[in-house]
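Going by the numbering used here, the letters in the sequence shown line up with residues 876 to 1131, in that order.
Yeah, the Cβ is synthetic: ideal placement off N, Cα and C, and Gly gets one too.
Worksheet for the structure shown next.
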Amino acid sequence: MSRSGWVGVRRARTLLALAGVMVVGQGCSWFTAFVMQPKIDPWEVVTFPGKVLLPSRGNPQNSVPITGTFVSGLQVSYAPLPGVVDSMSAIQNPTAPSPVSLVNGRKLFQINCSPCHGVAGLGDGAATKYGVTGINLIMDHAKNLSDGYIYGMIRNGRGAMPTYNRIEDMDRWDVVNYVRGLQGKLAEPVPTGPVGYPGQTGDALPGSTMTAPTRPVPYYRGAGSLDSLHAIRAQTPGPAPKVPPTTAPSGAGVVK
């Protein structure tokens, strides 16, 4: 075969090789499409036609947050010991007693604290009928406790009081503000009693988690965001209307 014939064969082989590379390249792009599948990132807002859902739950407590926390779990022990709780006495309350804070604090107090402390903080909760110690939060001793100390009691527990660390970091300050309202330390008295009837959901319950990241999702401020949820909370009316009693089967009495 002449030299020119060999050159032609080589060119043909080169073109076929390039074509093969292009085909394989297209195949690889198809395989790498797996990384582009639908997914939901932490705190990403999920939208549907005509509906916006709140961000999904973030990382658990004591994870590394994006803005830092006032008291890190790595710095302060969770032991229910007097010295540990006393060490938090000097922490300043970062949350003003706004209507939003008091509404949220009331919900959390009535759900978690009123069984022992009573709906008005008088230490006459339902659990005291079964031997549980009920501490009066309205007495002078409790009034003289610092906000940081009450925060530490909620966080760690002490003595007969167990830890209520299930109330999240920033929500505890809302409970502190509500307790101050029960003590008459605010400009106006706060309402007492549950926000809703047993089993009621929606606005009668605390909102979505604020745990790590320690602030609302920074890139969304529209409908369905935590900002708009707080605005709804501020307009939450008093206790929901009572549910009418239902007549039980004969001989069983009335269920209230």
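Is it a yes or a no for the region 973 to 991 touching the region 1040 to 1059, going by three-plus beta-carbon pairs under 8 angstroms? yes
Between the C-alpha atoms of R981 and K914, what's the straight-line distance to the nearest angstrom? Mapped onto the sequence shown, residue 981 falls at position 106. Mapped onto the sequence shown, residue 914 falls at position 39. So the alpha carbons of these two residues sit roughly 36 angstroms apart.
What residue ranges within the region 1015 to 1067 form continuous alpha helix (DSSP H) runs of no fewer than 4 residues, ordered along the chain? 1015 to 1018, 1022 to 1031, 1044 to 1057
Straight-line Cα distance separating I1010 from I1000: Residue 1000 sits at position 125 when you count from the first residue of the sequence shown. Residue 1010 sits at position 135 when you count from the first residue of the sequence shown. In the sequence as displayed, the identity of residue 1000 is Gly instead of Ile. If you take the alpha carbons of G1000 and I1010, they lie about 9 angstroms apart.
Is the distance from the Cβ of G1023 to the Cβ of A971 below 9 angstroms? Translated into the one-based positions of the sequence shown, residue 1023 becomes position 148. Translated into the one-based positions of the sequence shown, residue 971 becomes position 96. Result no, Cβ atoms of G1023 and A971 do not sit closer than 9 angstroms.
Could you check whether L1012 and G1032 sit closer than 9 angstroms to each other, using their CB atoms as the reference points? Position 157 of the sequence shown, counted from the first residue, corresponds to residue 1032. Position 137 of the sequence shown, counted from the first residue, corresponds to residue 1012. No, these two residues do not count as a Cβ contact at 9 angstroms.
Please list the terminal residues of the continuous alpha helix (DSSP H) segment that includes D999. Taking the sequence shown and counting its residues from 1, one reaches residue 999 at position 124. From DSSP, D999 is part of no alpha helix (DSSP H); its letter is neither H nor E.
Got a sec? Which residues, its chain only, sit under 8 angstroms from Q1058 by beta carbon, not counting five neighbours each side? The residue you call residue 1058 lines up with position 183 of the sequence shown. These residues qualify, in order along the chain: G996, L1012, I1013, A1017, K1018.
What's the gap between the Cα of F1046 and the Cα of N979? As a first step, residue 1046 must be located in the sequence shown, where it is residue number 171. As a first step, residue 979 must be located in the sequence shown, where it is residue number 104. Residue 1046 is actually Asp in this sequence, not Phe. Cα to Cα, D1046 sits roughly 8 angstroms from N979.
Closest to P1037 by CA distance: which of L956, Y1005, V951 is it? In the sequence shown, residue 1037 corresponds to position 162, counting from 1. The residue with the shortest Cα to Cα distance from P1037 is L956.
Where G1077 sits in the DSSP three-state scheme: The residue labelled residue 1077 in the question sits at position 202 within the sequence shown. Of the three classes helix, strand and coil, the one that applies to G1077 here is helix, per DSSP.
According to the Cβ coordinates, are D994 and G1068 closer than 9 angstroms? Locating residue 994 in the sequence shown gives position 119, where the first residue counts as 1. Locating residue 1068 in the sequence shown gives position 193, where the first residue counts as 1. For the sequence presented, residue 994 should be read as Val rather than Asp. Going by C-beta atoms, V994 is nearer than 9 angstroms to G1068.
Could you have a look at P969 and say whether DSSP puts it in helix, strand or coil? By one-based count along the sequence shown, residue 969 stands at place 94. In this structure, P969 counts as coil in the three-state DSSP scheme.
Determine the DSSP secondary structure at L956, reduced to helix, strand or coil. Here the question's residue 956 lines up with position 81 in the sequence shown. DSSP places L956 in coil when its eight states are reduced to three.
According to DSSP, simplified to helix, strand and coil, what is S989? By 1-based counting over the sequence shown, the position of residue 989 is 114. Helix at S989.
Would you report the Cα separation of V951 and V959, rounded to the nearest angstrom? Within the sequence shown, numbered from 1, the residue matching residue 951 stands at position 76. Within the sequence shown, numbered from 1, the residue matching residue 959 stands at position 84. Computed Cα separation, rounded: 7 angstroms.
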